[in-house]
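Right, one structure below, let's go through it.
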Amino acid sequence: MRETKMLAARGAFLAGAAALIALAGCGSKEPVLMHVRASGNGPDEFAILPPKPLAMPEDLATLPDPTPGAANRSDPTPFEDAIVALGGKPQVARGIPAADGALLAQAVRFRGIPAADGALLAQAVRF
856 MRETKMLAAR GAFLAGAAAL IALAGCGSKE PVLMHVRASG NGPDEFAILP
906 PKPLAMPEDL ATLPDPTPGA ANRSDPTPFE DAIVALGGKP QVARGIPAAD
956 GALLAQAVRF RGIPAADGAL LAQAVRF
């Protein structure tokens, strides 16, 4: 008797779950987040910097081995290109400005102290 009630409850649960899944598939409106380009008035994040075209080398055997962290062959200066696309000057963005020298000195003042480095490392590992 108890097993029969358990089987009936399980069957009712599965039937309800199947009905919910079937109803979920009946929606006719597409979610807006599934579109790469939104039709609203907001900014288009992908239009800021158009991608450069890919180039196929003539001989694949002459390609160099991949180097992690090395420059991309098709986009060697991505940061400078982004600065230009946003209206900046890439030559100005090199290095640390002289006005920020005091801030940098204050930020790295404990870098040479081993105890401070160990404490920072321990905090970073815990974080």
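As numbered in my numbering, the sequence shown has no gaps in its residue numbers, which increase by one up to the final residue, 982.
Just so you know, even glycine gets a beta-carbon here, dropped at the ideal spot from N, CA and C.
Spatial neighbours of Leu-941 within its chain, please: CB distance less than 6 Å, with the 5 preceding and 5 following residues excluded, ordered by chain position.
Taking C-beta separations shorter than 6 Å and ignoring five residues to either side along the sequence, Leu-941 has no partners in its chain.
Have a look at Pro-921 and Arg-928 and give me their C-alpha separation to the nearest angstrom.
10 Å
Residues in its own chain within less than 8 Å of Lys-944 by CB, not counting five upstream and five downstream?
Ile-938
Taking Gln-997 as the reference, give the member of Leu-958, Ala-954, Thr-932 with the closest Cα.
Look at the range of the chain in this structure, 856 to 982, and you will see that residue 997 is not part of it.
Provide the residue span of the alpha helix (DSSP H) that contains Arg-865, from first to last.
Looking at the DSSP string, the run of the alpha helix (DSSP H) that includes Arg-865 is 857-879.
In whole angstroms, what separates the C-alpha of Ile-876 from that of Ala-863?
20 Å
Can you tell me whether Ile-951 is helix, strand or coil according to DSSP?
coil
Name the two residues that bound the continuous alpha helix (DSSP H) containing Asp-936.
933-940
So what does DSSP say about Leu-918, is it helix, strand or coil?
coil
Which of the three DSSP states, helix, strand or coil, is assigned to Val-963?
Three-state DSSP puts Val-963 in coil, outside helix and strand.
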